[in-house]
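Visitor: One structure, as structure tokens, below. Some questions next.
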Amino acid sequence: MPTKRNAPATIDEYIAAASPDVQAILQKIRKVVRSAAPDAQEAISYQIPAFKLNGVLVYFAAFKKHIGFYPPVSGDARLEKAVSPYAGEKGNLRFPLDQPMRFDLIERITKLRVKQNMAKAASRG
Numbered sequence: 299m300p301t302k303r304n305a306p307a308t309i310d311e312y313i314a315a316a317s318p319d320v321q322a323i324l325q326k327i328r329k330v331v332r333s334a335a336p337d338a339q340e341a342i343s344y345q346i347p348a349f350k351l352n353g354v355l356v357y358f359a360a361f362k363k364h365i366g367f368y369p370p371v372s373g374d375a376r377l378e379k380a381v382s383p384y385a386g387e388k389g390n391l392r393f394p395l396d397q398p399m400r401f402d403l404i405e406r407i408t409k410l411r412v413k414q415n416m417a418k419a420a421s422r423g
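The number in our numbering is simply the position in the sequence shown, starting from 1, with 298 added.
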């Protein structure tokens, strides 16, 4: 993955730096998140892809053996249970590359995060 010296400026650049098989997974994650949060803005934050809508919705990143998906899930007990097999330290999710990617969970997480961020923005006035 990119280093600080050649940090990606866009999600396209981030994906292009991955191996071809991982590129396909990252593109699909991007598509799923975009579909679940059509008003979100794409960004690079902490040198990884992010989607923002009234604050950060989600981040994702490719690693040697897994795809990381952040932030930790909270506020929906059923979803928390569904993602528990993928929870790493601090609750961040790790989807192993040697298993089918759980795009369904990524969609559910993103929709939950949209709802949470919209509620937070509404409560601020």
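Using N, Cα and C, we set each Cβ at its ideal position, and we do this for glycine too. Just so you know, these numbers come straight off a predicted model, no measurement behind them.
Assuming K329 and A341 form a contact by the criterion Cβ under 8 Å, report the distance between their Cβ atoms to the nearest whole angstrom.
Guide: Between A341 and K329 the Cβ distance is about 17 Å, and since that is not below 8 Å, they are no contact.
Visitor: To the nearest angstrom, how far is the alpha carbon of K390 from that of P370?
Guide: Here residue 390 is Asn; the residue named in the question, Lys, does not match the sequence. Going by the C-alpha atoms only, they are around 5 Å apart.
Visitor: Pull up the CB-CB distance for F367 and F393, whole angstroms please, since I reckon it's below 8 Å.
Guide: Indeed, because the Cβ distance is near 7 Å, the residues count as touching under 8 Å.
Visitor: Identify, in the order they occur along the chain, each residue of the same chain with its Cβ nearer than 8 Å to the Cβ of T308, setting aside the five sequence neighbours on each side.
Guide: Around T308: E340, I342.
Visitor: Out of curiosity, what's the CA-to-CA distance linking K409 and Y357?
Guide: If I take the Cα positions, the gap works out to 14 Å.
Visitor: Under three-state DSSP, which class holds F361?
Guide: The answer is coil: DSSP assigns F361 none of H, G, I, E or B.
Visitor: Looking at the unbroken beta strand (DSSP E) that takes in P394, where does it start and where does it end?
Guide: Per DSSP, P394 belongs to the beta strand (DSSP E) from 391–394.
Visitor: What number of angstroms, rounded off, separates the C-alpha of P300 from the C-alpha of A359?
Guide: Summary for P300: the model assigns pLDDT 49, below 50, so the residue's position carries little reliability; its value from the coordinates is reported in the next sentence. Their Cα atoms are separated by approximately 11 Å.
Visitor: Does the distance from the C-beta atom of R400 to that of L355 stay below 7 Å?
Guide: Not a contact, by the Cβ cut-off of 7 Å.
Visitor: Considering only the alpha carbon of each residue, which of K413, K379, L403 lies closest to I365?
Guide: For I365, the nearest C-alpha among the options comes from L403.
Visitor: Do you know how far the Cα of D319 is from the Cα of K418?
Guide: Those two C-alpha atoms are separated by around 37 Å.
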